[in-house]
Each structure stands twice: as C-alpha cells, then as structure tokens.
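Chemist: Quick one: the structure is below, and I'll ask about it shortly.
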Amino acid sequence: MDEADPDLEDLREEFKPPMKQRLQGWIDTATTIPGGANTLLSVFKKTVDTLPFLLGNDIVEELLSRLSDKPNKHHVGDALEALHSFAKVQRKKFAASMEKKRRKDAAKNATNTSGSSASSSSVGFPPPPPLVAATFQTFGGIEDVD
1 MDEADPDLED
11 LREEFKPPMK
21 QRLQGWIDTA
31 TTIPGGANTL
41 LSVFKKTVDT
51 LPFLLGNDIV
61 EELLSRLSDK
71 PNKHHVGDAL
81 EALHSFAKVQ
91 RKKFAASMEK
101 KRRKDAAKNA
111 TNTSGSSASS
121 SSVGFPPPPP
131 LVAATFQTFG
141 GIEDVD
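Going by full-length UniProt numbering, the first residue of the sequence shown is number 1, and it counts up by one from there.
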C-alpha cells in the first residue's frame with residue numbers, strides 16, 4: 001500500500017481524528033456541569049506538568065510552524081493550537097483565583113490586626129527580620145597579625 005497514493009487522500013481526510021473538536025467539546029461540556037471549573041483546573045495542572053512547553057508562546061509557535069510545513073499534520077497543529085489556547089485561558093483563571101484568594105486573606109489579616117499602620121502596609125508579606133547590631137568578630141587572634 002503506497003502512502004503517497006492520491007487515490008487514498010479521501011480516506012486519509014476521513015479518518016483523521018478530529019482532536020480539536022473533541023477538546024473543544026470536552027471543554028464546553030465541562031464548563032456546563034457543576035464542578036466542571038475545578039475539573040478543568042486540575043486537568044490544566046496535569047497537562048502543564050506533562051507538557052510544560054504549553055506555557056511558552058514561542059515554543060508553541062515554533063511547533064506550529066514546523067507542523068504547518070507538513071500537509072498531513074494540520075489536524076495535529078489545530079489540536080496543539082486548541083490545547084495552547086485552553087492553557088492560556090486556564091492560566092488566566094488560575095491567576096485570577098489566586099489573586100482573589102490573596103486579597104481575601106489580606107483583608108482577613110487586616111481585620112485581625114486591628115488596623116496598625118505598619119502591618120497594613122506589608123499585608124501579605126512577612127515582616128522583615130529584626131536588625132542585629134553589627135559587632136566585630138574575633139577569630140582566635142587573627143586581628144593581631146600585622
């Protein structure tokens with residue numbers, strides 16, 4: 001069986017897996033069910049653990065340009081592009097939820113500290129370490145050497 005046979009082109013097109021459509025359908029379904037946002041976030045974390053290059057735009061763009069050179073791999077490029085856009089959206093949602101949580105914790109800490117101005121300026125960060133007076137350390141007579 002010759003893979004370059006033009007008569008088989010219709011079959012190749014028919015049997016290419018619709019990965020982009022499957023991913024989009026799964027994302028759409030997950031957003032409509034209760035608890036789907038948490039599921040999407042956990043899938044995002046696992047995906048980034050497995051494929052950390054999804055966080056880098058330049059790497060994904062290079063992969064897409066290399067895949068675009070191969071005419072029979074356009075469906076893979078489409079799927080990679082959909083996965084990259086999913087990662088971008090989830091990263092933004094994750095960052096927004098972390099910022100919201102940080103603000104909530106900061107507001108909670110501000111109400112617990114009874115409004116002192118020094119602690120309200122550094123909400124969310126630990127206080128600086130105490131200053132220790134600098135003293136000259138002697139090292140067993142080394143300071144006596146000329």
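We put the CB at the ideal spot given by N, CA and C, even for glycine. All values derive from a computational prediction rather than experimental measurement.
Which residue comes first and which comes last in the alpha helix (DSSP H) that contains G56?
Modeler: From DSSP, G56 is part of no alpha helix (DSSP H); its letter is neither H nor E.
Chemist: Measuring only the C-alpha atoms, how far is E81 from E13?
Modeler: Distance between the alpha carbons of E81 and E13: 19 Å.
Chemist: Quick check on DSSP: helix, strand or coil for G36?
Modeler: Residue state, collapsed to three classes: helix.
Chemist: Check each candidate in A95, A87 and D5 and name the one with the smallest Cα separation from Q24.
Modeler: Out of A95, A87 and D5, A87 has the C-alpha closest to the C-alpha of Q24.
Chemist: Give me, in chain order, the residues of the same chain whose beta-carbon lies closer than 6 Å to that of A30; leave out the 5 immediate sequence neighbours on both sides.
Modeler: If we look at A30 and ignore the five residues flanking it on each side, its Cβ neighbours are G36, T39 and L40.
Chemist: For the candidate residues Q90, I59, P6 and V76, whose alpha-carbon lies nearest to that of K46?
Modeler: It is Q90 whose Cα lies nearest to the Cα of K46.
Chemist: Of the residues E61, K104 and T111, which one's Cα is nearest the Cα of D78?
Modeler: The shortest Cα separation from D78 among E61, K104 and T111 belongs to E61.
Chemist: On a Cα-Cα basis, can you pick out the residue from L11, K73 and F44 that is closest to K92?
Modeler: It is F44 whose Cα lies nearest to the Cα of K92.
Chemist: Among the residues of its own chain, which have a CB less than 8 Å from the CB of S121, if the five just before and after it don't count?
Modeler: At S121 the pLDDT is 49, less than 50, meaning the model places this residue with poor confidence and gives no usable figure here.
Chemist: Determine whether the beta carbon atoms of V76 and L67 lie at a separation below 8 Å.
Modeler: Taking 8 Å as the Cβ cut-off, V76 and L67 qualify as a contacting pair.
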